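Chains as they are written, first to last, in my numbering: chain A, 52 to 337; chain B, 52 to 337; chain C, 52 to 337. Using N, Cα and C, we set each Cβ at its ideal position, and we do this for glycine too. Please read all numbers here as calculations on a predicted model, not as lab measurements. Here is the structure we will look at, set down as structure tokens.
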């Protein structure tokens, strides 16, 4: 049984998502249709990329992910601003999106297994009237039905890069960013736990956020390692540093976003103090 | 595998929708259950009709659509105000709703293939306690299981008409209305592109909205034919005139609704200027 | 075909729910996945319990309900404040939740068929990083695949009681509470219709809410038994007293919550006046 997931900014109040699902079922009934989210902020391809990069590993091989965010192609063969409906093969799954920066934001430094542009986009201008359905989803359905990729799309070198903020490492310092605020108000950063392995396990550090107004000195294994209502830093399941309030949530008791005024793109600094480093630093002045 | 779609005003926070789905699965498991929307404005049958009329063509034959909006029957055999749980056969699909104006709003000038009233509504007053489940959905499940329509409902002539605004044509003028604001703030009107075929292809025209404060002089094939942030008029996939902002959306960059203050039921005027018509008009004054 | 339902406070904007669904499909594809709700207020286990207690009867035997609200275990073998991932067998269905009061709130005075604690919770601390997925859902998938309960969990006596307000009966009086406000603004109480059977059918009564500012003197069989916009009391499908406005809804015409300022936990009083009781009362003063 095939699986198609849908990630769109179409919301829950319109007929658009139902049209997508009806179209799938009209062609193939032996399928699971899974909503990743339909409340992506309109045209926010980096939010769509965040969502899929956070959950694709949970899906089985050959899952087909259709991303309906900013999906109208821009056909501009001469210039560099065009965006073409495309298919990424990655981790044995398919990701079908307009090449509007989504793939760059999703892959970051990773390499695709393969990358393809959907053919015959210009054959019928009506396809542009609902391109998520008529271009992207249609390609996904054909893959699901067993059509060969070669009959749907052509290999293409390179996809549009995205200017996503990345975490960087300096001596004794990691600088990263809040990339997502979740339903509880937890702030998920782009600082991966692999960044910490450079330091000795017992190296002390402080995580600063909102400039230096707030900090956390340790990383917990779970929320409940701190008292209820207390701030806590931990690595989430995907290995990214998260700043949260234990059992806090926006709108009720207050989540980290609300209590600390955190927003997407806010800088997070992790300052390390390796044993002896302070002495070394001081030695410059003596 | 059968398909049941659900369109309700029950929202996403209650158990009602889960009760509907559990009830389906208790009777039949070889089924796809598709949510059209559960965030229809309470009792807004014309919104439900808009959603279904916009997406039913995407579903395969024999799909069963259950509409749970204003579904408590009003049994009033003498008067004309009654509303009875009913089944419409149309486009080889079933639409099951209370006859509260939904069918009139959905069909407009179209004729049903057939129309039926569900029998035995009064047999058990408890059915009225959750009529979408106990009357409408139950009938849908029986159809899905292969019960003959004759054992569920009786043919009935006529259904309740709805007073929906329709677009009208006058000489050199189309007057229509905004019938839906979508998730992006796009204003969808009830002006169909077939209305334009009366005029020569090169006839110039202006689309006026919010009285004459704003207008658009041409119809684009897709959003991106105008610059980002610019107003654009186009026909949507169903052929209806839509007024939008390219890559605009309410709440972020601003959609058409937000920027122009457009609302459902606002009038939209398309004024045509056939070659020579200006002269003709002017000739009255000379 | 198995059924898993999901009830969480994860919202619709994150990847968490998609991760749950992908995880199910990675293990088993012959399954229906049903969302009860993902918009439970964060950490509000009594809301989750209300939703499930309101709809579980609609699901077939052997349905597996996974409740992802406040699901991080608190492992505290010595004290009494621990909460362990647990499985309740009830009504021939499974309910899998952290034992954080959910089961107490769900069962109230009912007895489980059996109750179990999931084993090996401490075997891998990483399981705590997404416990709804890695502890609760994983157990549900194993049950669905036919694993014996004994290999997943161990029988346990007792579960955490919840301090949920219950309705009480005094002579000629029922005192209960609003336990839920639904999408229309209807106020659902915890007063069951069985409480009324103690009195003669023709005993007159008044239902008072918001102290004594408002009252209703009779119980209707359906909303439409009162005029549109009028207040109405009825028993909902599960037998609980509900206070509503016929065809009213919050945000449009005004639901009961909005018009009467009703909130969850507000007291509702039903005062009965058995024939002769007034005389009896008066006789104290004559």
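inquiry  = residue 226 (chain B) and residue 218 (chain B) - do their beta-carbons sit closer together than 8 Å?
reply    = yes
| From residue 177 (chain A) to residue 245 (chain B), what distance separates their C-alpha atoms? | 16 Å
Smallest Cα separation from residue 136 (chain C): which of C:154, C:144, C:142 and C:143? C:154
Checklist entry - Given a limit of 7 Å on CB to CB distance, which residues of the region 270-300 of chain C reach chain B? => result 272, 273, 274, 275, 287, 288, 298 and 300
Judging by CA-CA distance, which residue of C:96, C:64, C:271 and C:109 is the nearest neighbour of residue 85 (chain C)? C:109
Q: Consider the Cβ of residue 242 (chain C): report whether some Cβ of chain A lies at a distance smaller than 8 Å.
A: no
Candidates A:326, A:239 and A:208, of which the one nearest residue 314 (chain A) by Cα: A:239
>> Our contact map puts residue 272 (chain A) next to residue 250 (chain C) with C-beta atoms below 8 Å; I'd like the distance itself, whole angstroms only.
In response: Actually they are not in contact, since the Cβ atoms of residue 272 (chain A) and residue 250 (chain C) sit about 57 Å apart, beyond 8 Å.
Margin query: Rounded to whole angstroms, what is the Cα-Cα separation between residue 269 (chain A) and residue 235 (chain A)?
Written below: 21 Å
The beta strand (DSSP E) enclosing residue 146 (chain B), as first and last residue numbers: 144-149
Requested in this report: Tell me, please, which residues DSSP counts as bridged to residue 82 (chain B).
Outcome: B:53
For residue 162 (chain B), count neighbouring C-beta atoms within 10 Å of its own C-beta (all shown protein chains included) and say buried if the count is 16 or more, exposed if not. exposed
Proximity to residue 157 (chain A) [Cα-Cα], best of A:282, A:320, A:81 and A:99: A:99
Quick check: is the beta carbon of residue 303 (chain B) nearer than 8 Å to any beta carbon in chain A?
yes
Q | Residues near residue 299 (chain A) in its chain [Cβ-Cβ closer than 6 Å; skip 5 each side] | A | 305 and 306
* Under 7 Å (Cβ pairs) to chain C, residues found in the region 69-87 of chain B -> 69, 70, 72, 73, 74, 76, 77 and 80
From residue 90 (chain B) to residue 145 (chain A), what does the alpha carbon distance come to, in whole angstroms? 31 Å
Nearest to residue 230 (chain B) by alpha carbon, out of B:202, B:291, B:277 and B:253? B:291
*asked:* Runs of 4 residues minimum, wholly inside the region 145-214 of chain C: which ones carry the alpha helix (DSSP H) assignment?
replied: 153-158 and 189-195
Item to complete: Measure the beta-carbon distance from residue 216 (chain B) to residue 241 (chain B) and round it to whole angstroms, keeping in mind my assumption that it falls under 8 Å.
Response: 7 Å
*Could you spell out the range, first to last residue, of the beta strand (DSSP E) harbouring residue 245 (chain B)?*
It is not in any beta strand (DSSP E) - residue 245 (chain B) carries neither H nor E in the DSSP assignment.
key: Buried versus exposed, by CB contacts within 10 Å (16 or more), residue 126 (chain B)   = exposed
* Asked: What are the residues of the region 101-135 of chain A that lie near chain C, defined by any Cβ-Cβ distance shorter than 7 Å?
  -> 102, 105, 106, 109, 110 and 111
query = Mind checking residue 152 (chain B): buried by the 16 CB within 10 Å criterion, or exposed?
reply = buried
- Message: Using a Cβ-Cβ cutoff of less than 6 Å, which residues in the same chain neighbour residue 56 (chain B) once the five nearest sequence positions on both sides are dropped?
- Response: 85, 87 and 116
Specify, as a first and last residue, the run of the beta strand (DSSP E) that residue 101 (chain A) falls within. Where residue 101 (chain A) is concerned, there is no enclosing beta strand (DSSP E), although the alpha helix (DSSP H) it sits in stretches over 96-106.
Are residue 121 (chain B) and residue 96 (chain B) touching if we call contact CB-CB under 8 Å?
yes
Using the beta-carbon of each residue, which ones in chain A are nearer than 7 Å to residue 92 (chain C)?
303
| Residues near residue 62 (chain B) in its chain [Cβ-Cβ closer than 7 Å; skip 5 each side] | 89 and 90
**Request:** State yes or no: is the C-beta of residue 322 (chain A) within less than 8 Å of the C-beta of residue 256 (chain A)?
**Result:** yes
Drop a sphere of 10 angstroms on the beta-carbon of residue 288 (chain B), count the other beta-carbons inside from all chains shown, and report buried for 16 or more, exposed for fewer.
buried
Return the first residue and the last residue of the beta strand (DSSP E) that residue 323 (chain A) is part of.
-> 318-324
Measure the CB-CB distance between residue 65 (chain C) and residue 92 (chain C) and report whether it falls below 8 Å.
no
Practice prompt. Run the CB neighbour count on residue 173 (chain C), radius 10 Å, all protein chains shown included, and call it buried at 16 or more, exposed below.
Written response: exposed
Task: CA nearest to the CA of residue 119 (chain C), picked from C:318, C:175, C:71 and C:78 - done: C:71
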